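Colleague: Pasting a structure here, questions to come.
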Amino acid sequence: MSRTSVLGRVARREFDEAVAWYEARQTGLGLKFKDDVEGVLARISANPEHFAKFRGDIRRAVLRRFPYSIDSLPEPNRIVVLAVFHAKRDPRFLEGRV
Numbered sequence: 130m131s132r133t134s135v136l137g138r139v140a141r142r143e144f145d146e147a148v149a150w151y152e153a154r155q156t157g158l159g160l161k162f163k164d165d166v167e168g169v170l171a172r173i174s175a176n177p178e179h180f181a182k183f184r185g186d187i188r189r190a191v192l193r194r195f196p197y198s199i200d201s202l203p204e205p206n207r208i209v210v211l212a213v214f215h216a217k218r219d220p221r222f223l224e225g226r227v
């Protein structure tokens, strides 16, 4: 059974900023990024245990076309997305999200 994915406040901001950044670079690229993220979120929602544990119960999915990962925390009735994170960013920015 698929669970609903819910983007946390910080993850939503990261996602929105990345979409805007890619769209500013090339028309339509932001939409492609958005589609890729939504595709990965659908896969996470359908089978969260498929993705490797990153830290504790937090799981990480890596996008194929873009240098981003999605960190999520499966809960009984939903998936909480903690980060939509660029691979070049300092991972210390992820500390304290759970």
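Numbering (the numbering used here), first residue to last: 130 to 227.
By construction, the Cβ of each residue, glycine as well, lies at the ideal position given by its N, Cα and C atoms.
This one's a predicted model, so the numbers in the text were calculated from it and none came from an experiment.
What does a CB cutoff of less than 6 Å around Ser136 pick up in its chain, not counting 5 residues either side in sequence?
Modeller: The sequence shown places Leu at residue 136, rather than the Ser named in the question. So the qualifying residues of the chain are Val210.
Colleague: Quick one: Cα of Pro203 to Cα of Val169, how far?
Modeller: 14 Å
Colleague: If we ignore side chains and look at the alpha-carbon of each, how far apart do Glu143 and Gly157 end up?
Modeller: Cα-Cα distance, rounded: 18 Å.
Colleague: Reducing DSSP to helix, strand and coil, say where Leu160 ends up.
Modeller: helix
Colleague: Do Pro196 and Arg188 come within 9 Å of each other at the CB atom, strictly closer than that value?
Modeller: no
Colleague: Just to confirm before moving on: does the CB-CB distance between Asp165 and Arg132 stay below 9 Å?
Modeller: no
Colleague: At which residues does the beta strand (DSSP E) containing Ala190 begin and terminate?
Modeller: Segment 187-191, the beta strand (DSSP E) holding Ala190.
Colleague: Measure from the C-beta of Arg142 to each C-beta in chain B and report whether the shortest distance is under 9 Å.
Modeller: Of the chains in the structure shown, none is chain B; there is only one protein chain.
Colleague: Specify the secondary structure class of Val194 as computed by DSSP and reduced to three states.
Modeller: Per the sequence shown, the amino acid found at residue 194 is Arg instead of Val. Looking at Arg194 - three-state DSSP - the assignment turns out to be coil, as it is neither helix nor strand.
Colleague: Would Ile173 pass as a contact of Ala153 if the rule is Cβ separation under 9 Å?
Modeller: no
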